[in-house]
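For the record, the sequence lines run as chains V and W. According to my numbering, the residues represented by the first sequence are 1 to 621, in order. According to my numbering, the residues represented by the second sequence are 622 to 1242, in order.
There are 2 protein chains.
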Amino acid sequence: MMENYENLQKKANLIRKWCLKSTTAAGSGHPTSCLSAADMMAVLFDRYFRYDLNNPLNLYNDRLVFSKGHAAPLLYTLFGMAGAYPLEELLTLRKFNSRFEGHPTPKFVYAEAATGSLGQGLSVAAGLALLAKRESLPCKNYVLLGDGELAEGQVWEAANFAAYHQLDNLVAIADINRLAQSGETMFGWDTDKYEQRFRAFGFETMVINGHDLKEVQIAFEQAFYHQGGKPLAIVAHTIKGKGVSFLEDKEGWHGKALTEEELQSALKELGEPDDQLKLDLRHPDSISLPKQEVVAPKHGLSFEKGNEYATREVFGEAITESGHQNKDIYVLDADVKNSTFSEDFLRAFPERFVECFIAEQNMVSVAAGLSRLGKIPVVATFGAFLTRAADQIRMARVSEANIKFVGSHVGVSIGADGPSQMALEDIALFGALPDTVIFQPADAVSTVKLTVQMTGHTGFFYMRTLRSKTPVLYDNAETFKIGGSKLLRHSEDDQLTIAATGITVFEALKAADQLKEEGILVRVLDCYCINPIDQDTLIKCVRETKNAILITVEDHFVHGGMGDFATAALAMTGKPIQVKKLAVNEISASGKMEELLELAGINAAAIVNQVHTLISTTVLH
Amino acid sequence: MMENYENLQKKANLIRKWCLKSTTAAGSGHPTSCLSAADMMAVLFDRYFRYDLNNPLNLYNDRLVFSKGHAAPLLYTLFGMAGAYPLEELLTLRKFNSRFEGHPTPKFVYAEAATGSLGQGLSVAAGLALLAKRESLPCKNYVLLGDGELAEGQVWEAANFAAYHQLDNLVAIADINRLAQSGETMFGWDTDKYEQRFRAFGFETMVINGHDLKEVQIAFEQAFYHQGGKPLAIVAHTIKGKGVSFLEDKEGWHGKALTEEELQSALKELGEPDDQLKLDLRHPDSISLPKQEVVAPKHGLSFEKGNEYATREVFGEAITESGHQNKDIYVLDADVKNSTFSEDFLRAFPERFVECFIAEQNMVSVAAGLSRLGKIPVVATFGAFLTRAADQIRMARVSEANIKFVGSHVGVSIGADGPSQMALEDIALFGALPDTVIFQPADAVSTVKLTVQMTGHTGFFYMRTLRSKTPVLYDNAETFKIGGSKLLRHSEDDQLTIAATGITVFEALKAADQLKEEGILVRVLDCYCINPIDQDTLIKCVRETKNAILITVEDHFVHGGMGDFATAALAMTGKPIQVKKLAVNEISASGKMEELLELAGINAAAIVNQVHTLISTTVLH
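Below you can see the structure in the form of structure tokens.
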């Protein structure tokens, strides 16, 4: 057995060697953060980890999420020593076009998620573990956590979630190396404090010396056979920079590579480990990710003109219909399922509904985990509360996750609940993220059609739904597409164009009707797709109207909304086009919808006024 | 003593009456969430709370943060029964122009912060408590928490923070009424689970029956005299809808007002409480908020042209200089003080530096607490990690907090660390929030001047700082202002204008120099103020150049950035102006700064290409 650990120690030191070598070659990185976890990862990979290198998406693979993403060189070295690629390739670390980026990204196919914004990995692993639990996949879901990141609240959201959902296939490995980036962590080496926290949050816990291979092995052996309903936390006392005397437990070494000279001295201390040593992964049974089903483009839902529906309510019906057609759809909600109407889906498919309680950050990262294994997670909450998870949304986008976000109660139109509940910056948030499709259906028919579009395409989608009821605008046979819009009023004598979206479509229509009575004809466009905006139609409208004027009107703050998408689309043309953005310019209030639309200057009267002003001051072309 | 509690119970029932009456008058609201906490709040207000109604900012006031903001009618009733206004005014609840909004906002002067996005109040209270601790103010800081919101990770960030900073003047009151919006909470009435969590996070704890007035009084008595270093949590078993039989512990009553008929029946059950009853606040000593000092507009810092500095590093020096001149400035950082260079301030003013560890959400809400009492909090971390606190930033803006945010390491220019560390959506995030000034200094001189501007003005500010060094552009005597820009290259023969900001200013200058060699003159504008953008200068530039073309170039995602501010400013004019936005269009990578600027198409070569394309295809005017 001693012999056994001696060889394992050599492997651990070879891991160390390549963490140091690769970061020195890169000239940057976090080698000391790798060294504290090297022994534990050696044991895990050499003795317990079941993984098919040829198929990272094999459903029977164990999973390892590197929540402490700055220890990426360690992750890269592990898979290299397991045989995924020659170790020499690690010398491309952090270089342009290398798969080994500074923090793990999808370029590294073995990364379960992009990490590097701290405190998100436990949630991703919980998503993976939840799926394994629900689909009876015999795998373990490990996550390596740094100690500094345990201050992030999301970790405790995830801990609650894991315990609540009885994820005993989840193993949190907390690398307590005492030192964070700028000094000692909150609790230093007081591993009890961490253990108490995990235990209070419903985990079984172990405290170990993360450098005693025997202790580590015993812990992972227990983890391997662990069940009984509780998730498991291994709290490991470790030393940052372990294995190299001049790095061990020293401040000033976070995020710093060794010089070539320091490297040589370190490698000597490590006993010049043999590059031929391998980490022996176990081989899992093989079960491939099933081919994703395609949502049939038909829905049985139909709506009569003259009736009114809240788009959030219709979304609930639509996503449930989609759920019948596509068994990969999962719906997640944060205790507002009776407001977002995701409860319809829960009733039909409890096995594919995930109650995340009031913890939006965890919800989004759990969704990223579900997406990793081919599910189509639909994340629903108030649009305002999606901002709570802005960083998780950002990281899910870096992860190339296929998530559909649905934000309800958008804009000042929600009324009496007041500004804290109004989503007014959500288009800016999602619009900034590359290739994110943004829908805002104004009526029931478009809601159904756009829900089908959303779940049928791979990629990042965001859909805004309304609190209040709106009348049916469209025939049930109408079609809707990514990048589309609908012309609702037009004639050959139109003076200008009004582009609206969501609730303001109805204000624009009212304004158009009033103006018509005065003899002023205007064009009204429903920009149900905010990104990509329908540039061709916008240009066409402006070209065909008497004045090259576009008024955009939306229930969103003025910067970063639909108006900016439309303005940018037109400004590229270089034509003499005037754009006036009507949008929310100040913090709103409580009141009736009508009062708040008026306060914001985005109601029919404001549109009419704006048309009067613009037409009277503009030279015809 | 019995007599005593009888009267108190009547007062509690009068509180209930007005929570019910006001929500029924409003036709919406969360009466049952008020009723569960009514008894506790009656005891607190009637027997312990020290508050000067004439001066909400009296520094010796006790503080009460309503983290469960949906219980706003309870908060409003408390202050009404304490004599702040006639109870009848509560019937304006949720109405337009009422100070009693659906959730507390600054319109209600007794609200310590806007709440309603859950899980933020403990942090705000911790900010208030920290200040009281550091400035030896003899007050208690209470926070009323719902049980549903205890799932929010931020609560546990705040708990860690409060215990770490030994805030024994902080009292968390957890109202465990079992029912959340859409069903039972994670732990129902298992108060032990909550107690364990608070205790593990370093609180002293008590579990009480929140409707037994004697138990409640004993708890608040202990809280009143509590000290010893640990914050205190009172975990109260309560009943949602308590006091009205048909509401008690019933599902389906969250966020629902009683009908007039139901109200009458409820009031009967409550014993038709006497409207003349008052809550007897204690009177604290009076010490007013000191008049805010003005930052002297002079800094001793000067920089020589030819030298290079990272703007983040200069920010560290500048904020420290400002700290000498203005004792109200506090600096908060989330374990990256050696990267943001806020550590300079820590060295000079440890008593006004707040280490928040890796918990950005709590950091921002703590800052909102500091701002409430007249401090000028400067919140520093990587720009990318400010997105972690997007919802807290949003709510701090609703709170009208005077916070200065400084985000370092913006854009792809950070290089090898990769996309997780790059702030590329931060301008969209801050730009959406009304009246938020956004600065991005490109060099050392402008960094100092803009830091002075930032700390000298009241309001929301965001400043972007760069990881890498940039050469000094400006004379030390140069002046900078909100809404300003600097013309760096211009002639009478300019073909078009390039507006740049931050790192891209140098790319624009390089491009201008290369183009000049080809005989093409272009104008280069440093948009150091992104919001409000310098509209006048932009219009002037476009008017004065041969082609009415603006190229914007920035190290930010293409939507929601400086380009959209500039485009919107020009599109309003209706002139034939072409705008081409050069910005980041896809998720970036690891690599050298130069490689990543090239990949994003925002380097000098890309600008030169764009100029060639635009000039060759544009008709002169």
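Glycine residues also receive a C-beta, built at the ideal position from the N, C-alpha and C atoms.
Check, Outcome
"Examine chain W for any beta-carbon lying closer than 8 Å to the beta-carbon of D175/V, and answer yes or no.", "no"
"Smallest Cα separation from L1203/W: which of V1019/W, D1176/W and L1050/W?", "D1176/W"
"Please report the straight-line C-alpha distance between L712/W and V448/V, rounded to a whole angstrom.", "40 Å"
"Kindly list the residues whose CB is nearer than 8 Å to the CB of Y785/W, restricted to its own chain and excluding five residues on each side of it in sequence; keep chain order.", "G823 and F978"
"Tell me E209/V's beta-bridge partners as DSSP assigns them.", "In the sequence as displayed, the identity of residue 209/V is Asn instead of Glu. Answer by DSSP bridge pairing, in chain order: H237/V."
"Could you check the C-alpha separation between L1142/W and K1167/W for me, to the nearest Å?", "10 Å"
"Quick check: what's the CA-CA separation for D153/V versus A779/W?", "Per the sequence presented here, residue 153/V reads as Gly, with Asp not at that position. Whole-angstrom Cα-Cα distance: 9 Å."
"Could you tell me whether the Cβ of E778/W comes closer than 8 Å to any Cβ of chain V?", "yes"
"Say whether chain W places a C-beta atom closer than 8 Å to the C-beta of R394/V.", "yes"
"Taking Cβ to Cβ, would you say Q535/V is nearer than 8 Å to A500/V?", "no"
"Output the distance between the C-alpha atoms of F100/V and R94/V, rounded to the nearest integer angstrom.", "6 Å"
"Counting only Cβ pairs nearer than 8 Å, list the residues of chain W close to T115/V.", "S1041"
"Reducing DSSP to helix, strand and coil, say where N531/V ends up.", "strand"
"May I have the straight-line CA-CA distance separating R134/V from E351/V, to the nearest angstrom?", "7 Å"
"Tell me the rounded alpha-carbon separation between Q495/V and R543/V.", "11 Å"
"Taking only three categories from DSSP, how would you classify Q741/W?", "coil"
"How would you label N307/V, buried or exposed, when you count the other beta carbons within 10 angstroms and need 16 or more for buried?", "exposed"
"Would the stretch 380-390 of chain V and the stretch 319-333 of chain V be scored as touching if the rule is three or more Cβ pairs under 8 Å?", "yes"
"Report the residue from L301/V, T504/V and L270/V whose alpha carbon sits nearest the alpha carbon of K17/V.", "L270/V"
"Go ahead and label F246/V buried or exposed: buried means 16 or more other beta carbons lie within 10 angstroms of its beta carbon, across all protein chains shown.", "exposed"
"Under 8 Å between the Cβ atoms of F966/W and A1065/W?", "no"
"Answer yes if the stretch 31-40 of chain V comes into contact with the stretch 103-118 of chain V, meaning at least three C-beta pairs across the two stretches below 8 Å, and no otherwise.", "no"
"Note down the Cα distance separating G701/W from D475/V, rounded to an integer number of angstroms.", "53 Å"
"Is the beta carbon of R933/W sitting closer than 8 Å to the one on F974/W?", "no"
"Please check if any C-beta of chain W sits within less than 8 Å of the C-beta of A180/V.", "yes"
"Out of curiosity, what's the CA-to-CA distance linking K367/V and Q166/V?", "It should be pointed out that residue 367/V corresponds to Ala in this sequence rather than to Lys. Their backbone Cα atoms lie some 17 Å apart in a straight line."
"Can the beta-carbon of T191/V be found less than 8 Å from the beta-carbon of V235/V?", "yes"
"Kindly indicate if chain V contains any beta-carbon less than 8 Å away from that of T1188/W.", "yes"
"What number of angstroms, rounded off, separates the C-alpha of A980/W from the C-alpha of G723/W?", "29 Å"
"Do you know offhand how far D513/V's Cα is from L429/V's?", "34 Å"
"Hey, quick one: how far does the alpha helix (DSSP H) through G701/W stretch, first residue to last?", "A693 to M702"
"With distance defined between alpha-carbon atoms, name the residue in H691/W, A747/W, E872/W and H904/W nearest to N676/W.", "H904/W"
"Measure the C-alpha to C-alpha separation of F936/W and T1072/W and round it to an integer number of angstroms.", "7 Å"
"Which residues in the same chain as V1126/W place their Cβ atom closer than 6 Å to its Cβ, once the five residues preceding and following it in sequence are excluded?", "A1063 and D1147"
"Which residue wins for smallest C-alpha separation from L696/W, given the options G740/W, C640/W and Q885/W?", "C640/W"
"Please state whether DSSP places D1157/W in a helix, a strand or coil.", "helix"
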